[in-house]
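Residue numbers (our numbering), protein chains in the order written: chain A, 573 to 994; chain B, 573 to 994.
Here's what the structure looks like:
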């Protein structure tokens with residue numbers, strides 16, 4: 573009888589061993605894809621100084637942060653807290669270890685982050701994020717935008733998904749366009765309207781734009797712009813047909829063109845679509861932005877997103893560190909995959925082979941069998957419990973895919989049979 | 573110029589990418605050994621309810637625990653905290669998921685734990701522990717004590733160490749002996765004296781025992797007992813020659829005999845020595861106890877230890893859950909391995925091959941080369957920066973072991989040379 577509430581804290585994902593094995597499998601597929609593309613793995617502490625974490629952040633981040641205190645202290649003196657993403661610790665790490673790093677620094681972090689959000693279905697307070705970033709010192713070729721997206725696409729390809737599409741844009745397009753139209757002063761409002769345009773009816777978006785008093789012609793231009801999507805050549809042509817001379821806009825077109833072309837070369841199997849609806853809410857991004865959807869499973873949302881940022885660590889150093897990165901939110905995705913039955917608990921047993929000695933007399937022989945199988949690279953559970961054979965077989969059926977039963981004959985001859993367990 | 577203190581919080585291990593690659597390599601060697609022996613991987617949340625963490629603990633644990641608070645709260649209402657070991661969360665997990673587990677539950681956890689200890693050289697506040705445990709429901713064969721030790725020994729064998737010895741004992745020996753001598757009332761004092769005997773001169777230990785007023789004969793018996801060490805047969809013989817009839821003592825002798833015999837069969841390469849100095853401080857252990865030393869590097873201390881416990885989760889359930897487990901403290905060990913130069917930063921480059929296109933014209937050809945090498949399982953960094961060839965080669969030398977330079981000729985012919993980088 574339970575004497576205690578033993579459930580994990582709400583908002584934490586805790587898996588049975590069978591599901592954990594599948595989670596680990598997805599995680600290592602992603603890690604392997606990142607490694608294959610030359611990204612270097614780092615780990616930063618889970619606890620950081622609060623002033624580091626909040627140097628740049630504000631608003632929601634500050635409200636959601638978990639502060640850490642020793643027993644004797646009060647939250648008031650809490651100068652330490654749990655990291656809420658990988659980007660802020662990466663900025664600190666890059667500045668701290670600058671002299672030990674080769675630039676461009678291609679880096680991956682796969683670990684848990686923490687946010688004290690209100691717990692709700694599919695939202696987690698402790699969650700794995702699988703990040704790749706490329707950090708330049710002073711400058712960073714736009715080709716790395718393509719490299720990051722191609723790498724993430726290779727990683728996503730290892731997941732049990734029915735196809736995916738990378739949707740890509742460049743914030744210089746809308747930004748340059750607003751400069752051209754003399755609407756820079758309304759940039760943050762308009763970026764916000766575009767960012768939400770996909771979730772509301774078109775009339776609502778038009779109405780919100782009209783409320784800003786832009787003039788009808790500008791509203792038409794912006795709505796025409798956000799309606800543009802498709803293959804590289806056609807989108808680049810449509811963008812050029814606006815005839816904007818603004819340099820930022822033109823740089824955006826050139827970058828979008830180059831990045832899409834390069835993704836096609838780096839990862840030809842990946843479906844990439846330009847889509848002007850993508851702006852990514854964060855004003856942190858300054859160029860390429862992208863999201864990834866699964867057309868047959870729109871309910872999964874964006875399973876991977878990211879973009880280019882002008883300066884990673886402006887709060888910590890005078891050195892300019894432009895970067896580009898992206899992230900797969902694996903904890904949430906794993907939850908959704910179970911929900912869609914793209915992952916099920918029964919698919920995978922934790923162990924390959926169970927070796928079962930019938931009595932204590934066959935333990936030595938069973939050990940030899942287990943050792944042999946392990947040297948051949950198998951995962952092997954040797955059953956040492958002193959139970960009846962029936963109980964041992966029932967156990968084997970729960971943990972392993974195959975069983976080798978070792979009785980007197982098998983012990984003598986050294987020969988045994990591997991039987992599949994149902 | 574740095575504008576901010578970007579060092580990690582003291583007591584946290586943060587590695588450069590080259591050292592991180594080596595750390596990861598050791599960690600995955602350990603994980604692979606655990607998996608090969610049929611241990612199932614689980615992950616529990618890093619944040620637990622304080623009442624769960626402190627149900628059993630007290631004293632130092634309570635002082636060292638990191639409590640977690642949301643911004644608006646004070647430490648006073650901190651009902652959540654960071655886990656300080658894997659055992660307490662394992663107890664909660666086993667009770668919570670009882671119906672989804674097959675018993676004996678062979679389980680491994682490899683993750684970071686947190687203790688707000690005073691930071692000092694070689695002591696970490698955030699540290700990896702690599703644990704294996706076997707949990708029985710109601711009962712658990714003593715053979716699993718051997719399985720846990722054999723599995724840990726296989727894991728240790730993957731580490732860059734010049735040999736190691738497992739030192740083993742059984743707490744029933746000293747416990748039963750004290751019953752036989754009618755000294756149970758002094759058990760906790762005497763266990764403590766034996767636990768510290770190795771670190772002080774023998775006279776000091778004798779003096780501490782004499783202070784307890786045991787009588788000379790008993791002092792001689794105890795010091796004779798703790799002087800016993802060596803191979804299985806000789807130690808078992810010496811223990812029997814005490815002539816104690818106490819049942820607990822006799823059970824201890826039988827268990828030590830069986831466990832050592834079985835380790836020899838399960839892991840013949842492993843050097844195991846019985847040693848009555850081993851008692852493990854924690855009164856949590858009730859049978860087999862063990863530590864592991866590296867004779868040529870005594871300064872490493874015990875790199876792996878553990879033992880048998882009567883009841884994992886008595887605070888959470890009425891169900892009796894006996895278990896046996898052990899742990900490798902990898903963060904501290906990795907620090908010590910660097911200190912002894914058994915691990916050095918230069919040993920391992922993060923990437924196998926760097927592919928360097930000489931100019932932008934060879935990027936497509938270089939991509940093809942990178943893709944081919946990746947399909948062959950290599951880790952490949954494609955250099956996309958628009959720098960001079962000399963700069964690209966300097967970069968390649970820092971991150972990769974081999975380089976493939978792709979110029980006009982290589983692009984045309986599709987043939988290229990892999991050159992080793994110094």
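A virtual CB, placed ideally from N, CA and C, is assigned to each residue, including glycine.
Start and end residues, beta strand (DSSP E) containing residue 1059(B): In the structure displayed, chain B extends from 573 to 994; residue 1059(B) sits before or after that span and is not available.
Backbone secondary structure at residue 586(B) - three-state DSSP: coil
Three-state secondary structure (DSSP) of residue 679(A): It is a strand residue.
Which residues DSSP lists as bridging residue 1015(B), in chain order: Since the displayed chain B opens at 573 and closes at 994, residue 1015(B) lies outside it and no answer follows.
Same chain only: Cβ atoms within 8 Å of residue 934(B), ignoring 5 sequence neighbours per side: Answer for residue 934(B): 978, 979, 980, 982, 983, listed in chain order.
Opening and closing residue of the beta strand (DSSP E) in which residue 621(B) lies: 619-621
Rounded C-alpha distance that separates residue 964(A) from residue 774(B): 49 Å
Where residue 670(B) sits in the DSSP three-state scheme: helix
Minimum Cβ-Cβ distance from residue 981(A) to chain B less than 8 Å: No, its Cβ sits nowhere closer than 8 Å to a Cβ of chain B.
Element boundaries [beta strand (DSSP E), containing residue 957(B)]: Residue 957(B) -> no beta strand (DSSP E), and no H or E assigned at all.
Cβ distance (whole Å) where residue 712(A) is taken to contact residue 676(A) below 8 Å: 6 Å
Classification of residue 647(B) by the beta-carbon crowding that lies within 10 angstroms, buried from 16 upward: The predicted model places residue 647(B) with a pLDDT of 49, which falls under 50 and marks its position as unreliable; any figure quoted below should be read in that light. Residue 647(B) should be labelled buried.
Rounded C-alpha distance that separates residue 900(B) from residue 772(A): 54 Å
Interface residues of chain B facing residue 620(A) [CB-CB closer than 8 Å]: 580, 581
Reference residue 985(B), options 940(B), 780(B), 952(B), closest by Cα: 940(B)
CB-CB length for residue 706(A) against residue 678(A), believed under 8 Å: 5 Å
Unbroken alpha helix (DSSP H) run spanning residue 777(B), endpoints: 774-783
Whether residue 777(B) touches residue 602(B) by CB criterion (8 Å): Cβ distance not < 8 Å, so residue 777(B) and residue 602(B) don't count as in contact.
Rounded C-alpha distance that separates residue 865(A) from residue 846(A): 13 Å
Validate contact between the segment 781-792 of chain A and the segment 754-773 of chain A using beta carbons, cut 8 Å, 3 pairs: yes
Interface partners of residue 716(A) on chain B, CB under 7 Å: 956
CB contact below 8 Å: residue 720(B) versus chain A: no
Cβ pair residue 653(A), residue 673(A) closer than 8 Å: no
Distance between beta carbons of residue 596(B) and residue 613(A), contact taken as under 8 Å: Contact between residue 613(A) and residue 596(B) holds, since their C-beta atoms are separated by about 6 Å, short of 8 Å.
Beta-carbon proximity of residue 954(B) to residue 968(B), cut-off 8 Å: In this structure, residue 968(B) does not lie closer than 8 Å to residue 954(B) by Cβ.
For residue 642(B), the first and last residue of its enclosing alpha helix (DSSP H): From DSSP, residue 642(B) is part of no alpha helix (DSSP H) but of the beta strand (DSSP E) over 638-642.
Listed by chain order, chain B residues near residue 865(A) by CB distance under 9 Å: Within 9 Å Cβ-Cβ: nothing; residue 865(A) doesn't reach chain B, min ~25 Å.
Residues from the segment 664-675 of chain A in contact with chain B, defined by Cβ distance under 8 Å: 664, 665, 667, 668, 669, 672, 673, 674, 675
Where residue 754(A) falls, given that 16 or more other Cβ within 10 Å makes a residue buried: exposed
Which residues DSSP lists as bridging residue 966(A), in chain order: Its beta-bridge partners do not exist; DSSP assigns none.
Stretch-stretch touch, CB-based, cutoff 8 Å, three pairs: the segment 857-875 of chain A with the segment 799-810 of chain A: no
Identity of the residue in 928(A), 812(A), 896(A) nearest residue 719(A) by Cα: 896(A)
Residue 860(B), enclosing beta strand (DSSP E) - first and last residue: Residues 860-865.
Residues that residue 852(A) contacts on chain B, provided the C-beta gap is smaller than 9 Å: What residue 852(A) touches in chain B, judged by beta-carbon distance under 9 Å, is nothing: the nearest beta carbon there is about 23 Å away.
Rounded separation between residue 585(A) and residue 913(A) - CA only: Near 17 Å, if we compare the C-alpha coordinates of residue 913(A) and residue 585(A).
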